[in-house]
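See below for the structure under consideration.
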Amino acid sequence: GKLKNGEYRMNADEIVHSVTMPVSGSAPKRLLVVFSSIHQNCNIASPDRYFMQNFGTIQKFIPKDTAVLRVADLGGVVGAFYINTAHRPNNANSIGRLIDSVRQEFGLDPDAVTCYGGSKGGGGALYHGLRGGFRFIAVDPILSDKYYVEQMDDAHFTTGGVYAEPKEVVFNRLFDEHAK
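In my numbering, the protein residues as written are 13 to 192.
This is the structure we're talking about:
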């Protein structure tokens, strides 16, 4: 698979990811962290289910000296939404360590990192952007499961003990911690 051939990597915290170097061929001066949305096909039995390759041509639209870190989202039926789950209780810290290790590997300051994502990935971009002190672009982030549970019969498979606490509690605490 893609882990064996090196297209995807897994770090010591078991966070699957990929790094694409800048198209300029130079050392990275910036890092864009892309968080995946929910895969369009939730029924595929492949690591790709947790690693939707959103914005596949993004390097055409960003500065040529920017590396791209893509982070897979393991930990639930459609992913962990880049936060902690019962199965992955240290998921958020593990993702934060991954971003920091890639940033440090390239010798970049936190202000050279931007987190980016839509929907589920938007929640990841917002969460890890705030926690890491990075810029972020969060498009239509999912910050609560209430609508998806009550109106869509748990369309994201988040009930039944998947999370220790609801997303709205997680994000409200994050906002309180980072309020200025």
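Quick reminder that beta carbons are idealized off the backbone N, C-alpha and C, glycines included.
C-beta atoms of I27 and I107 nearer than 7 Å
yes
Which listed residue (L110, S36, H99, G136) has its alpha carbon closest to that of D25:
L110
For G136 versus V151, is the C-beta distance shorter than 7 Å? Their beta carbons are not under 7 Å apart, which means G136 does not touch V151 by this criterion.
Burial state of D123 (16 or more Cβ within 10 Å):
Only exposed fits D123, as fewer than 16 other CB atoms lie within 10 angstroms of its CB.
- Query: Helix, strand or coil: which one does DSSP assign to A137?
  - Reply: For A137, the three-state secondary structure derived from DSSP is helix.
Three-state secondary structure (DSSP) at H29? Per DSSP, reduced to three states, the secondary structure at H29 is strand.
If you reduce the DSSP assignment to three classes, tell me which class R185 lands in. helix
- prompt: Can you tell which of V46, D85, K76 has the C-alpha that lies nearest to the C-alpha of G68?
  reply: V46
- Can you tell me where the alpha helix (DSSP H) with R109 in it begins and where it stops? 103 to 117
Check your understanding: Is it buried or exposed for G141, if we count other Cβ within 10 angstroms and need 16 for buried?
Key -> buried
**Prompt:** What separation, rounded to the nearest whole angstrom, lies between the Cα atoms of L138 and K41?
**Reply:** 22 Å
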